Structure formats: C-alpha cells, structure tokens
Amino acid sequence: MAARSDEIELPQSVRNVGDLLEELTHRLGPQVRRYMFDQDTEELSPSLIVLVNGHSVKMLEGLNTPLLEKDDVTIDSVDIMEIVGGG
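Numbered continuously in the working numbering, the sequence shown closes out at residue 84.
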C-alpha cells in the first residue's frame, strides 16, 4: 500500500510527542518552533492542537505522550480572532 502524501517516516528515536515536535523543528527549521511552543514557558502553544489517535495530548501525557509505530498523529493550529465592537 502506498503511503499517503501527508505521512512522514520518523526515526526510531522518536518515542513521544515531544520527540516528534523536535524532529519536525529539525526538518522544517527553527522558525516553526514559535508556532509550536509558547515562547515564555516553552510549553505547547495554546493554539496548537496535537491529537494522537483522535485524543488531545493535553488530556493524555502532554509532550510525554508515548508514540507507537501505528499511531495516527494530527497537528493543527487554530487562531481565534476576538472581535471587539464599540459604539
């Protein structure tokens, strides 16, 4: 079966979500880090959604959430713009 175009092969050293995000930073460049992590706390950015098999890592073990070979990981970013009106 052919791999989907949105799949990437990872080295065996990637054992958890934190390792995965570090590998993506390595592959995509350090500028992507500012989208993934809060610059003040180095925790996951509040706008970053990381799901492992459909479950948010925020409800699992965060960056320490273990990954297995067959796990499905989805990473997305949500920007919510607050609209303020006045009169």
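Ideal placement from N, C-alpha and C gives every residue a C-beta, glycine not left out. These numbers were taken from a predicted model, which means no experiment stands behind them.
Using 10 angstroms around the beta-carbon of L18, count the other beta-carbons present and answer buried if the total reaches 16, otherwise exposed.
If you number the sequence shown from 1, residue 18 lands on position 21. Buried, by the Cβ-count rule.
Is the beta carbon of D68 sitting closer than 7 Å to the one on V49?
Counted from its first residue, the sequence shown places residue 68 at position 71. Counted from its first residue, the sequence shown places residue 49 at position 52. The answer is yes: Cβ separation under 7 Å.
Hey, how far is the Cα of S44 from the Cα of V75?
Here residue 44 is taken as the residue at index 47 of the sequence shown, counted from 1. Here residue 75 is taken as the residue at index 78 of the sequence shown, counted from 1. One C-alpha to the other measures close to 5 Å.
Quick one: what does DSSP say P27 is sitting in, helix, strand or coil?
Residue 27 sits at position 30 when you count from the first residue of the sequence shown. Of the three classes helix, strand and coil, the one that applies to P27 here is helix, per DSSP.
Taking only the alpha-carbon atoms, compute the straight-line gap between Y32 and H23 and give it to the nearest angstrom.
Counting from 1 along the sequence shown, the entry for residue 32 is found at position 35. Counting from 1 along the sequence shown, the entry for residue 23 is found at position 26. Those two C-alpha atoms are separated by around 14 Å.
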